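For reference, the structure is listed below as structure tokens.
In the numbering used here, the protein residues as written are 15 to 983.
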């Protein structure tokens with residue numbers, strides 16, 4: 015059984031793309047039959063109804079003990095074609111509140127309640143976890159987010175609570191009881207005939223039937239017969255006996271079973287039409303008795319667990335066979351993208367070959383899993399490369415879903431909570447696992463399926479069997495990319511840089527490490543580190559990144575606005591400059607002071623700011639802040655004119671930089687701000703209004719500051735092809751990163767895209783728009799190149815200061831990697847004084863016929879700070895959840911994502927107010943694939959040509975690209 019229920023957001027996408035939801039009559043006997051709530055990512059609701067019942071358009075949701083939705087993810091509309099199968103039940107996965115409370119809202123101890131509403135709007139069932147049977151239940155609120163049929167209705171208490179995280183509550187014989195979860199399996203009505211009949215458990219299996227076939231006395235079934243050719247086994251709920259060779263075993267790590275595969279099967283000659291020859295055996299009773307290579311016979315009950323076929327075997331169901339068996343072979347071709355072919359490999363050994371790329375590492379430090387895709391490129395946000403709602407965006411979305419799969423660790427351990435003292439698999443400082451990196455499989459894995467993903471499982475739990483690590487990863491780290499020019503401008507989101515720490519605010523709680531030490535501020539007014547020790551860790555990484563970036567002017571987002579803490583507004587900014595200069599060993603950096611007048615609109619606890627290198631640039635005149643109602647929910651834009659230092663005609667190099675931090679995608683109010691499902695998220699109308707206000711503001715600054723060379727830059731919380739960006743394109747601006755093939759700046763949901771942008775006016779780009787392989791010589795003030803320095807978004811969040819000592823494998827290092835969640839974007843600008851190539855007195859060597867390296871293509875889309883963290887693919891063990899990678903919503907733009915009611919918080923970290931991703935190796939021509947190699951500016955070939963020409967003429971020195979040499983520092 016592969017998951018068919020889609021979360022509301024996904025359904026919205028389907029509706030936007032034109033799918034219709036049918037209406038079907040609801041049978042009178044439809045009801046909720048099971049509720050499981052161990053953690054958001056493993057929760058499910060089971061609906062019982064006659065086989066064939068059309069559930070298209072039905073709504074399933076969960077309300078908290080207060081009667082409100084737990085989160086937007088806690089309500090699901092079932093898509094067209096959802097039908098109850100032969101089992102008589104249908105499973106819907108959605109997050110539930112797992113707390114239980116006693117109070118006035120209901121009788122007894124009570125918790126979340128679950129409702130089901132038919133497509134006609136009829137309330138089918140409304141059950142409450144806990145409470146008193148026959149007593150008062152929780153009353154649903156009147157919220158417009160709830161179906162009309164459920165508003166104000168009272169839930170029926172079940173009187174049952176799960177006795178542990180490995181239990182659910184189930185309707186058995188007209189009463190609710192706690193038991194081992196059985197998703198997709200209806201209770202056997204025959205067991206209700208006798209009140210004294212023992213209740214079957216998940217691990218029990220009846221004795222095999224008497225032999226009836228003289229040629230097959232044990233009634234053995236081949237594994238591929240048990241698996242069948244569909245997503246669900248035709249033998250689900252039945253007892254079977256089969257044989258196979260053990261290919262993987264998991265006595266530790268939580269899987270509690272082993273895989274077996276029919277002897278001699280597999281290899282590259284595998285016949286997909288005949289189905290899979292492997293299957294998972296769930297058996298905590300016998301897993302310790304087997305090892306890889308054992309030939310075994312197992313007897314047990316077939317079931318579907320989160321979409322994976324398994325045989326449940328008790329201590330009587332395993333028989334070791336003495337006969338020698340031919341070892342199964344791993345399938346070694348490219349991992350299929352056809353779902354049917356993937357299903358035909360479920361449970362079998364595979365060792366994929368061909369080009370494979372890391373597409374996601376966000377949950378590697380939590381669940382030990384890594385997102386993969388075939389090919390040399392990452393998976394892109396659709397609206398980063400195509401207009402929202404277009405056929406092209408739909409095609410990319412479908413392709414992403416088809417291509418994605420996961421490399422797992424052979425377990426269900428939560429390294430962020432219950433397994434903090436168990437070393438993390440895969441991750442290390444000397445061998446980083448970066449999004450965009452090439453993957454090479456060196457050992458076999460087994461194809462598993464759970465939580466909507468095909469998973470390649472190593473043949474043992476990796477923390478206990480490091481030698482079984484099945485793959486290696488290319489190290490794509492690189493230095494700052496060369497963008498040409500002799501002056502540079504960069505945009506950098508510094509992840510809630512708050513020198514004012516959480517411990518200075520009364521009542522501020524902290525996210526704590528594995529030893530209980532505070533690390534990050536937990537939903538406090540100061541949004542960064544909790545104390546000075548952790549702030550210094552954060553600052554060290556930011557300082558290392560900015561000094562190595564070495565840009566002439568750096569525009570910053572998410573800097574503390576210190577006047578909100580009783581200090582001068584620029585105090586935090588001055589602290590950053592002091593730290594930068596101390597690390598540089600010279601008075602290199604300065605900051606642009608705030609203007610005298612600060613508008614109230616857009617004046618948040620985080621702000622934008624400019625810093626610059628004194629020897630290369632200087633501000634001209636005062637800065638200006640836009641006062642516009644469009645920024646009632648975002649940070650007000652900041653404008654400043656700069657010019658080069660130490661050039662003959664500084665006025666010719668002048669430009670205006672307008673720094674921005676638009677409203678996030680995670681929430682929105684008012685017309686046009688709801689998430690329509692086209693990929694742009696919430697608050698799109700507000701961001702469009704903000705873009706229009708910035709365009710007008712830039713026009714005003716052109717007049718008041720006296721130049722038409724304008725750069726609009728910052729975290730616009732919009733992917734490259736979305737509506738707010740179109741405002742700037744229509745006004746004549748060029749997205750410089752997109753033009754020069756810069757890699758994405760952000761990662762969200764396993765998809766890469768750029769939320770961070772630099773847009774140049776026609777005058778700033780130059781009179782003639784240069785190709786991606788621009789030469790360094792250009793008119794004064796003109797752009798020479800642009801690139802992303804992928805030091806953050808592609809790295810594991812485990813490297814962040816906010817994850818210091820969260821696991822026994824402590825990956826924090828005082829370097830630039832994962833200094834933030836956004837990557838800096840850097841642009842080269844000419845002062846007009848860099849000499850262009852001139853003909854030499856005598857001819858030099860023959861010119862090369864070889865063109866410069868092709869520029870990389872650009873990537874793709876999607877949204878930000880959802881109120882709840884992005885759902886994990888594995889169940890959690892409870893406690894505080896890992897913070898979301900999505901940028902925080904406004905009001906808490908860089909704080910950890912707000913958790914739903916009744917859930918503990920998570921360690922603060924990447925709460926930037928946005929969401930996107932960076933992929934590929936910056937500046938590494940060997941990384942390959944579209945968007946992976948950084949564009950070359952032609953500097954090396956040009957410099958060589960100039961050098962040879964001048965040397966022939968007797969010149970002593972040759973100035974190249976930038977006047978200053980980073981090597982001298």
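Glycine included, every Cβ here is placed at the ideal spot set by N, Cα and C.
It should be emphasised that the depicted structure is a prediction, and the values quoted were computed from it without experimental measurement.
| Asked | Found |
| --- | --- |
| Helix, strand or coil at residue 255 according to DSSP, with G and I counted as helix | strand |
| Segment contact, 8 Å Cβ cut-off, at least three pairs: the segment 70–77 with the segment 87–96 | yes |
| Three-way DSSP call (helix, strand, coil) for residue 72 in this model | coil |
| Strand pairing of residue 756, partner residues [DSSP] | Answer is none; residue 756 lacks a bridge partner. |
| Contact test: residue 730 Cβ vs the ligand PLP heavy atom, cutoff 7 Å | Judged by which ligands are present, the structure shown has none, so any question about the ligand PLP falls away. |
| Expected contact under 8 Å - CB spacing of residue 344 and residue 363 to nearest Å | 4 Å |
| For residue 750, three-class secondary structure by DSSP | helix |
| Same chain, Cβ closer than 8 Å to residue 244, neighbours up to 5 away in sequence not counted | 357 |
| DSSP three-state assignment for residue 762, whether helix, strand or coil | strand |
| Buried versus exposed call for residue 454 [16 or more other C-beta atoms within 10 Å across all chains shown] | exposed |
| Beta-carbon proximity of residue 640 to residue 711, cut-off 8 Å | yes |
| Bounding residues of the alpha helix (DSSP H) (the contiguous stretch that carries residue 603) | Looking at the DSSP string, residue 603 is not in any alpha helix (DSSP H); the run it does join, the beta strand (DSSP E), is 603–605. |
| Rounded separation between residue 747 and residue 450 - CA only | 29 Å |
| Buried versus exposed, by CB contacts within 10 Å (16 or more), residue 336 | exposed |
| Strand pairing of residue 532, partner residues [DSSP] | 526 |
| Integer Cβ distance of residue 734 from residue 752, believed to fall under 8 Å | 5 Å |
| CB contact flag (residue 417, residue 833, <8 Å) | no |
| For residue 329 and residue 404, the rounded distance between their alpha carbons | 56 Å |
| Helix, strand or coil at residue 426 [DSSP, three-state] | coil |
| Through-space distance from residue 831 to residue 801, alpha-carbon basis | 17 Å |
| Buried or exposed by the 16-neighbour rule on C-beta atoms within 10 Å, applied to residue 406 | exposed |
| Spatial distance of residue 676 from residue 759 (CA atoms) | 16 Å |
| Residues sharing a beta bridge with residue 544, DSSP | None, per the DSSP bridge assignment. |
| Between the CA atoms of residue 687 and residue 904 - distance to the nearest angstrom | Confidence in residue 904 is poor, its pLDDT being 42 and thus under 50, which makes the residue's placement too unreliable to answer from. |
| Which of helix, strand or coil DSSP assigns to residue 856 | Below a pLDDT of 50, predicted positions are generally treated as unreliable, and residue 856, at 40, falls in that range; the measurement from the model is reported next regardless. Residue state, collapsed to three classes: coil. |
| Three-state secondary structure assigned by DSSP to residue 990 | Here the chain has residues from 15 to 983 only, and residue 990 is not among them. |
| Pick from 142, 775, 137, 518 that is closest to residue 111, judged by C-alpha positions | 142 |
| Whole-angstrom distance between residue 502 and residue 794, CA atom to CA atom | 13 Å |
| Residue range of the alpha helix (DSSP H) that includes residue 409 | 405–417 |
| Beta-carbon proximity check, residue 558 vs residue 829, cutoff 8 Å | yes |
| According to DSSP, residues forming a beta bridge with residue 277 | Residue 277 pairs with nothing; no bridge assigned. |
| Three-way DSSP call (helix, strand, coil) for residue 803 in this model | coil |
| Neighbour-count burial assignment, residue 684, 16 or more Cβ in a 10 Å radius | exposed |
| Best match in 465, 548, 473, 703 for proximity to residue 646 [C-alpha to C-alpha] | 703 |
| Rounded C-alpha distance that separates residue 445 from residue 511 | 28 Å |
| Burial state of residue 630, where buried means 16 or more other Cβ atoms lie within 10 Å | buried |
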